[in-house]
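If you're matching positions, the sequence shown starts at 37 in my numbering and goes up one per residue. The beta-carbon is built from N, C-alpha and C at its ideal position, and this holds for glycine as well.
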Amino acid sequence: MAGDHGEAGFPFVRRRGEVAVVGASSAIPTAPFLATGRLGRQQIDALATALAELRRANLCRILLIHHPPTGRFDFQKRLIDASAVRKMLSEVGADLILHGHTHLPSLLAVQGPDGAIPVVGVPSASAGPTALHPAGWNRITVTRNTATSWRIELERRGLHHGGGVVETQARSVLTG
Numbered sequence: 037m038a039g040d041h042g043e044a045g046f047p048f049v050r051r052r053g054e055v056a057v058v059g060a061s062s063a064i065p066t067a068p069f070l071a072t073g074r075l076g077r078q079q080i081d082a083l084a085t086a087l088a089e090l091r092r093a094n095l096c097r098i099l100l101i102h103h104p105p106t107g108r109f110d111f112q113k114r115l116i117d118a119s120a121v122r123k124m125l126s127e128v129g130a131d132l133i134l135h136g137h138t139h140l141p142s143l144l145a146v147q148g149p150d151g152a153i154p155v156v157g158v159p160s161a162s163a164g165p166t167a168l169h170p171a172g173w174n175r176i177t178v179t180r181n182t183a184t185s186w187r188i189e190l191e192r193r194g195l196h197h198g199g200g201v202v203e204t205q206a207r208s209v210l211t212g
């Protein structure tokens with residue numbers, strides 16, 4: 037992955053208008069039957085720097101990370117350094133965190149310097165309509181709420197269980 041200026045590696049930053057998408061990689065080699073991830077100290081420190089800089093620029097900061105930083109998942113599938121990631125986020129913040137890994141729609145939160153940061157799990161986009169959790173996707177809408185805050189809305193869409201019809205499954209306002 038690369039940022040806006042072509043630099044490769046993680047974290048990367050892509051700015052689109054007033055929104056900055058910050059990508060992190062939690063991929064690591066693991067033993068059989070483990071699906072753990074880790075950011076590592078170097079990437080956590082670089083994320084802290086990037087998120088703080090983007091906050092000073094008054095941009096909406098969306099963090100992408102494969103493993104959820106909430107620490108509420110199976111031991112063999114966890115983000116090993118989730119507590120260090122949460123500590124960093126409690127200091128510098130983000131406006132929204134999107135994760136995959138579980139392939140389930142979820143809505144949790146971690147603490148930021150100004151309150152809760154929504155952590156949104158993204159469902160699998162390739163599961164069939166008869167799967168236990170059919171394919172789905174999220175539409176995120178970001179609008180400026182005030183000079184320094186954002187309104188972030190989530191619309192979950194997905195295949196109707198047992199059929200091929202795409203439907204809105206839930207709508208919520210995450211912030212603002």
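Where the alpha helix (DSSP H) containing residue i begins and where it ends
i	result
S162	Where S162 is concerned, there is no enclosing alpha helix (DSSP H), given that its DSSP letter is neither H nor E.
Q78	77 to 92
Beta-bridge pairing of residue i - partner residues as DSSP gives them
i	result
G151	G148
G218	Given that the chain is displayed from residue 37 to residue 212, the structure contains no residue 218 and the question cannot be resolved.
H135	I101, G157
L143	V156
G73	L115
Cutoff 8 Å; reference residue i; Cβ partners in own chain excluding five residues on either side
i	result
P105	L115, A118, V121, R122, L125, I133, H135, V146, V155
T211	D131, L132, P154, N181, S185, W186, R187, I188
G107	R114, L115, A118, S119, R122
Beta-carbon contacts of residue i that lie in its chain and below 7 Å, excluding the five residues immediately before and after
i	result
S62	G73, R74, L75, I101, H102, H103, L115
P47	V58, G59, A60, Q79, A82, L83, A86
G200	P165
Cβ neighbours of residue i in the same chain (closer than 6 Å, five flanking residues each side left out)
i	result
S208	L190
S142	G157
Three-way DSSP call (helix, strand, coil) for residue i in this model
i	result
S208	strand
S61	coil
A118	helix
Beta strand (DSSP E) segment containing residue i, residue limits
i	result
V178	172 to 182
L190	185 to 195
V49	48 to 52
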